Every structure is written in C-alpha cells, then in structure tokens.
Amino acid sequence: MEVRWDSFVGIFLVGLILGFAEIVNGGITSSYVRNDDLSLDMPLDSDVFRVPPGYNAPQQVHITQGDHEGKGVIVSWVTPDEPGSKTVLYWAENSELKNSADGFILKYRYFNYTSGYIHHCTIKDLEFDTKYYYEVGIGNTTRQFWFITPPRPGPDVPYTFGLIGDLGQTHDSNRTVTHYELNPTKGQTLLFVGDLSYADDYPFHDNSRWDTWGRFIERSAAYQPWIWTAGNHEIDFVPEIGERKPFKPYTHRYHVPYRASGSTSPMWYSIKRASTYVIVLSSYSAYGKYTPQYKWLETELPKVNRTATPWLIVLMHCPMYNSYAHHYMEGETMRVMYEPWFVKFKVDVVFAGHVHAYERSELISNVAYNIV
Numbered sequence: 012m013e014v015r016w017d018s019f020v021g022i023f024l025v026g027l028i029l030g031f032a033e034i035v036n037g038g039i040t041s042s043y044v045r046n047d048d049l050s051l052d053m054p055l056d057s058d059v060f061r062v063p064p065g066y067n068a069p070q071q072v073h074i075t076q077g078d079h080e081g082k083g084v085i086v087s088w089v090t091p092d093e094p095g096s097k098t099v100l101y102w103a104e105n106s107e108l109k110n111s112a113d114g115f116i117l118k119y120r121y122f123n124y125t126s127g128y129i130h131h132c133t134i135k136d137l138e139f140d141t142k143y144y145y146e147v148g149i150g151n152t153t154r155q156f157w158f159i160t161p162p163r164p165g166p167d168v169p170y171t172f173g174l175i176g177d178l179g180q181t182h183d184s185n186r187t188v189t190h191y192e193l194n195p196t197k198g199q200t201l202l203f204v205g206d207l208s209y210a211d212d213y214p215f216h217d218n219s220r221w222d223t224w225g226r227f228i229e230r231s232a233a234y235q236p237w238i239w240t241a242g243n244h245e246i247d248f249v250p251e252i253g254e255r256k257p258f259k260p261y262t263h264r265y266h267v268p269y270r271a272s273g274s275t276s277p278m279w280y281s282i283k284r285a286s287t288y289v290i291v292l293s294s295y296s297a298y299g300k301y302t303p304q305y306k307w308l309e310t311e312l313p314k315v316n317r318t319a320t321p322w323l324i325v326l327m328h329c330p331m332y333n334s335y336a337h338h339y340m341e342g343e344t345m346r347v348m349y350e351p352w353f354v355k356f357k358v359d360v361v362f363a364g365h366v367h368a369y370e371r372s373e374l375i376s377n378v379a380y381n382i383v
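Residue numbers (my numbering): 12 to 383.
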C-alpha cells in the first residue's frame, strides 16, 4: 500500500457566463483545510475498484472529446481476457435508431506487466447539445452509459467545467471525486491537469494500478468527457528495467484528438467547447525554440477566433507561478518561452497542477512586472 501526501490540487467549477467581466479579490472561498496526515492508497478490494461482473466485461470506460469542434467523442475501454467487440452502439435520446462505430484495439507490455485489450472508438458527426446513450461489450456483458454533447461553439454559450489534477487513488482521491459528483453546480466536462494514477509510486511502476485507477474514475469519466493533460507521473521512463519509451501506459490508455488541431503528438493539442478554446500543453515534452511543441503553439495561438470562442484557456501540469516551497519555480523555463505569447494573445486563464496546494492569482506576468 502506497503512502504519500494528499495528492489532489483541488476541485472547483468555472462557470463561463459571458456578457460581463469583473475584477475581484479571491479571498477565502472555502472552509476546507487539507489534513496534514499522510494519505493512503485505497486497498485493492475497495468497492471503487470492483471489476464489472461477467466474463470479459468491458471496464475502465471513459470518454473524451473526439474532434476539434465538439461533435465527436472518443470512447475507450478495456476487456481483460480477450479482444471481444470493438464496436460502440449509440443513439440519441428519444430515438429508436441505433448507430454503430468501430474502433481499434491496443495492447502493451511494461516490465513484467501485460495490459488487457485497450479499445478506442471515435464517434463522429453527433448533434450538438444532445443526450446520447452508448453500449460497449457483447452478449450478457454489454454495458450502457450516456453523455451529453456540448452546445455549438459560440460567443454567448455558457458552459461549466470541473477541474481536477494530481488525483491518484487514495482515500482523499475518492473524497475529491465524490465532492465533484455532489457539487450542486454540475460540471459538464472535466479538465484534468495531469498526474493520473500514480502507478509509478509502486515498485517497477506496477501497471495494475493503472487498471484500478481506470475503474475508479469510470463512475464520472464514462458519462462526461475528461480532457487529458500529462503530468510527471505519466512519464514512466525507467531504462534500468528496460522501459525507455516515455509516457507508454498513458498514451496507450488515454487517447486525445490531437490530429484535429494539427498537432503531431497527443501530448499537446487543442479543442473548442461551447464558448471556450482550450489549449493543452506538455510540461515534460521538449518545448524549446523550434521543437515540435513550440512550432505548433506558435501557429495555434493566432488561429483562435475570440469572436467565436471568447474564452482562451491553457492547461499544463507544472505551474508557471507558484509561491509554495515544493516545486518552486519548476515551471520557469516554460514561462520564459511561452508567457510572452500568452500575454500577446490574451490568454484568460492558465490551469496547472503539480503543486499539492491550491493557489490562484489575478492576471500577472513577468513581461510587464518583475515578479519574484
């Protein structure tokens, strides 16, 4: 059983309601104070890790946006024993017409671990602002879920995001997800700012803890898109045990629509959702001048049409600003590279994780001020 400090940055909802802007002092917005005790990973027999009943039943079901505009959904799941069906059945609420889409199947090895059969299926050309049901699996182990597509992108479209980072699978992680589920202001899509399972905290990066984490988040991630950002706990680069490909478990398990935004890597990409334009960056991929991430962002920021999507949000794992002692100034090199662009193109907010303490600021930059 792993022990570590409380591993979530926090969770709050960002309601994007247009028509007014106001500068306010943040102050204290919650009575919650983090416990100083060490946080334990939940035991393997916890109910949140329960395997669905039936032979080869689909598990670890999760969805994310499947295109740039919001009319596509990537459905992902794992079958443990054999490939099974790679088809997703889906239909709009109040419709008797069922459609189908076929995906593809991956497997990977990591040290002495072999994954189950990992399915990814992209559903395309959905209607905006519509509830859909979908099914995965076959026979007696078919499982059904649902999701709601976003409104068509536009300037006057309110939308609510949830925000989680550094989640892990501790008892506090469970409280975090429960807090999100029970929040009266319901999040419609979750922005995840990196550090997923913390499987790398275990000897040999025990990848079975990727499986438990996938089953843990299914209760939310199967019903609304989680928009993925990679953190340092997703690197999984351990050459001493023969694992020399960074991000191997993460990129096999969590697919994103990076090609839709002209990206050459799933580590950085963008999507539109309602009135927002979301750019996802990778703190742990090369980002210096002339690197693929640098060249992509250089051409991506000018594409943002603020008339159509007035809110510009950037997600990354390592914060550019952080007054906390832990991880202090780790984001400084990315700040030096990209902050002038963020100022030039008037990024509204940057969400980051990594630091296991909540902090926020008004709009600041070292372009105009000497911030220490």
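Here a beta-carbon is modelled for each residue, glycine too, at the ideal position from N, C-alpha and C. Note that the structure is a prediction, hence the values are computed from the model and not measured.
Just to confirm, are residue i and residue j a CB contact at a threshold of 9 Å?
i: Thr-310; j: Tyr-288; result: no
i: Ser-372; j: Tyr-332; result: yes
i: Lys-82; j: Phe-139; result: yes
i: Ile-149; j: Ser-87; result: no
i: Phe-122; j: Ile-252; result: yes
Quick one: grab the DSSP three-state call for residue i.
i: Gln-199; result: coil
i: Val-358; result: coil
i: Glu-146; result: strand
i: Lys-256; result: coil
i: Ala-232; result: helix
i: Val-249; result: strand
i: Ile-34; result: A caution first: Ile-34 carries a pLDDT of 34, below 50, which makes its placement in the model too unreliable to give a value.
i: His-365; result: coil
i: Asp-212; result: helix
i: Arg-220; result: helix
i: Val-131; result: In the sequence as presented, Val is not what sits at residue 131; that position holds His. Looking at His-131 - three-state DSSP - the assignment turns out to be strand.
Please determine, among the options, the residue with the shortest C-alpha to C-alpha distance to residue i.
i: Tyr-144; options: Arg-163, Asp-136 and Arg-154; result: Arg-154
i: Ile-159; options: Ile-134, Lys-118 and Thr-275; result: Ile-134
i: Asp-167; options: Thr-318, Lys-355, Tyr-332 and Met-348; result: Thr-318
i: Leu-201; options: Gly-225, His-190, Phe-172 and Glu-192; result: Phe-172
i: Ser-106; options: Gly-81, Glu-80 and Thr-141; result: Thr-141
i: Tyr-269; options: His-328, Tyr-261, Tyr-349 and Trp-279; result: Trp-279
i: Tyr-295; options: Arg-284, Asn-123 and Pro-257; result: Pro-257
i: Phe-248; options: Pro-260, Gln-70 and Trp-237; result: Pro-260
i: Ala-411; options: Gln-76, Gln-235, Tyr-265 and Gly-176; result: Limits of the chain in this structure are 12 at one end and 383 at the other, which puts residue 411 out of reach.
i: Leu-137; options: Leu-174, Arg-346 and Ser-111; result: Ser-111
i: His-338; options: Asn-243, Asp-211, Ala-68 and Met-53; result: Asn-243
i: Phe-254; options: Ser-50, Asp-211, Ile-85 and Trp-307; result: The sequence as given places Glu at residue 254; Phe does not occur at that position. Looking at the Cα atoms, Asp-211 is the closest of the given residues.
i: Asn-316; options: Glu-93, Val-358 and Tyr-301; result: Val-358
Spatial neighbours of residue i within its chain, please: CB distance less than 7 Å, with the 5 preceding and 5 following residues excluded, ordered by chain position.
i: Phe-227; result: Val-59, Phe-60 and Gln-180
i: Asn-151; result: Gly-65
i: Thr-240; result: Phe-203, Val-204, Gly-205, Val-291, Leu-326, Met-327 and His-328
i: Lys-283; result: His-79, Glu-80, Gly-81, Pro-164 and Thr-320
i: Phe-115; result: Lys-97 and His-131
i: Gln-71; result: Trp-88, Val-89, Asp-222, Gly-225, Arg-226 and Glu-229
i: His-182; result: Ser-50, Leu-51 and Met-53
i: Ala-368; result: Tyr-335
Does the Cβ of residue i have 16 or more other Cβ atoms within 10 Å, making it buried, or fewer, making it exposed?
i: Leu-374; result: exposed
i: Met-340; result: exposed
i: Thr-223; result: buried
i: Leu-207; result: buried
i: Glu-350; result: buried
Can you find a C-beta in chain C that's less than 9 Å from the C-beta of residue i?
i: Tyr-369; result: The structure shown contains no chain C, having only a single protein chain.
Between which residues of its own chain and residue i is the CB-CB distance below 8 Å, once the five residues before and five after are set aside?
i: Val-35; result: Note that Val-35 scores 37 on pLDDT, short of 50, meaning its location in the model is unreliable and no value can be drawn from it.
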